[in-house]
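Peer 1: All residue numbers for the sequence shown refer to our numbering, where the first residue is 28 and numbers rise by one. The beta carbon of each residue, even a glycine, is placed where N, CA and C say it ideally should be. No experiment lies behind these values; they were computed from the predicted model shown. Following this message is one structure expressed as structure tokens.
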Amino acid sequence: MQLLIDDECFYDINPDISLNRFSKQERIKKFGTSSTRDYLDKIQKYRNVILTKLYTFTCTFIESLRSALDFFPTSLSFLISQMFIILSQSSELSSREIRCLCCDIIMTLFIGPAICEPEKHGIIADIPISTIARHNLNQVN
28 MQLLIDDECF YDINPDISLN RFSKQERIKK FGTSSTRDYL DKIQKYRNVI LTKLYTFTCT
88 FIESLRSALD FFPTSLSFLI SQMFIILSQS SELSSREIRC LCCDIIMTLF IGPAICEPEK
148 HGIIADIPIS TIARHNLNQV N
């Protein structure tokens with residue numbers, strides 16, 4: 028929920044992309060003249076803030092998913108558990124790799140699309156989601 032509220036800034040996984048979102052004048056105002064020590068320090072501080080926020084949002088997101096597992100569709104849980112069992116018995120993949128594969132399938136085919144484009148998947152949002160918030164959700168996903 029915090030990620031939806033905190034939509035004043037794009038949080039990009041690659042902080043250099045975030046810098047490109049500022050106009051030249053905004054960059055000078057916010058960070059100073061380029062190629063100075065002060066500029067490089069401010070850029071590094073900005074990158075650290077972005078990455079720290081993304082890390083915090085991601086941890087919160089994962090914890091929210093864990094706490095909501097009881098609401099996960101039973102049929103989808105069954106399919107994923109069967110896939111896990113079949114892969115465990117018939118493949119050379121480790122248990123960890125199979126868990127990662129199952130998680131990736133859930134995130135890519137189920138949770139990701141529901142977050143990024145909820146209307147397309149029949150989810151009606153009570154709260155309008157801004158373009159920035161949607162982008163930030165995508166980064167966490």
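Assuming Phe58 is part of the alpha helix (DSSP H), what are its boundary residues?
Peer 2: It spans Lys51 to Phe58 - the alpha helix (DSSP H) in which Phe58 sits, taken as one unbroken run.
Peer 1: Is the beta carbon of Ile107 less than 8 Å from the beta carbon of Leu114?
Peer 2: No, the pair does not count as a contact, with Cβ atoms beyond the cut-off.
Peer 1: Less than 6 Å between C-beta atoms, sequence neighbours within five positions excluded: which residues of the same chain meet that for Cys143?
Peer 2: Cβ within range, chain order: Asn165.
Peer 1: If Tyr38 and Ile77 are in contact, beta carbons under 8 Å, what's the gap, nearest whole angstrom?
Peer 2: Going by Cβ atoms, the distance from Tyr38 to Ile77 rounds to 6 Å, so yes, they are a contact pair.
Peer 1: Measuring only the C-alpha atoms, how far is Lys56 from Gly139?
Peer 2: Cα-Cα distance, rounded: 36 Å.
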